[in-house]
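These notes concern the structure reproduced below.
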Amino acid sequence: MVHIEQDRREKRITVKSIVKRAARGSTVVEMSYIIPMFLGLFVLIMHAVFYYHDKAVLNGAASETAILGVQAERREDTEYDLEGFFRERTNGKLIYMTDIDISVSETDEEVTVTAAAQRSFMKLKITQKALIVKPEENIRRMN
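Basically this note's numbering = 1-based index in the sequence shown + 6.
Shown next as structure tokens:
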């Protein structure tokens, strides 16, 4: 009987010593510094992911708009609203930068689409160009 009580006391002592070691005040203080750093890092990573997603969407839409402008130049009987086409391609697809400024300029040699977007300290400026080529004129010159 004495032996059983002595074993119980030893178990209580070991459990108390484990609890004392696990719940030190310094651990709580250290975690109070580390956890906000991890959360801040997570937020920064998410902002970067949203930025690059929007950059890819804007880049693709600007490229498609420039190509459509070149096709419209080659077909004399067609006319496209290139800015409207660009807005249609980006409508509802952007996550972070929702306010976009777009300009489309056409010359005899190329179509240039420039899109700019900004939110807080992050800025995007994308320029896509497509050359207006007329292969039928070159073929006629060769013959």
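Just so you know, even glycine gets a beta-carbon here, dropped at the ideal spot from N, CA and C.
Quick caveat, the model's predicted, so the values are computed rather than measured.
Would residue i pass as a contact of residue j if the rule is Cβ separation under 7 Å?
i      : j     : result
GLN134 : SER38 : no
ALA78  : THR96 : no
LEU74  : PHE91 : yes
Use the C-beta contact count for residue i: other C-beta atoms within 10 angstroms, 16 or more gives buried, fewer gives exposed.
i      : result
GLY98  : exposed
LEU88  : buried
VAL55  : exposed
ASP114 : exposed
Could you say which of the options lies nearest to residue i if we only look at CA atoms?
i      : options                         : result
LEU137 : VAL63, SER126, ILE145 and ALA72 : ALA72
TYR57  : MET148, ARG147 and MET128       : MET128
ALA122 : MET148, VAL63, GLU82 and ILE41  : VAL63
ARG80  : VAL117, ARG146 and GLU36        : VAL117
THR120 : GLU143, ILE40, ASN144 and LYS61 : LYS61
Out of curiosity, what's the CA-to-CA distance linking residue i and residue j?
i      : j      : result
VAL76  : ARG125 : 31 Å
ASP107 : MET43  : 35 Å
ASP105 : LYS140 : 36 Å
HIS53  : LEU45  : 12 Å
GLU112 : MET148 : 28 Å
THR33  : PHE48  : 22 Å
LEU130 : ARG146 : 43 Å
Looking only at its chain, what residues have a beta carbon closer than 6 Å to the beta carbon of residue i, apart from the 5 residues adjacent to it on each side?
i     : result
ASN65 : ILE132
So that I know if they touch, is there some Cβ in chain D lying closer than 7 Å to that of residue i?
i      : result
ARG146 : Of the protein chains in this structure there is only one, and it is not chain D.
Can you find the residues in the same chain that come closer than 7 Å, C-beta to C-beta, to residue i, ignoring five residues on each side of it along the sequence?
i     : result
HIS59 : ILE101
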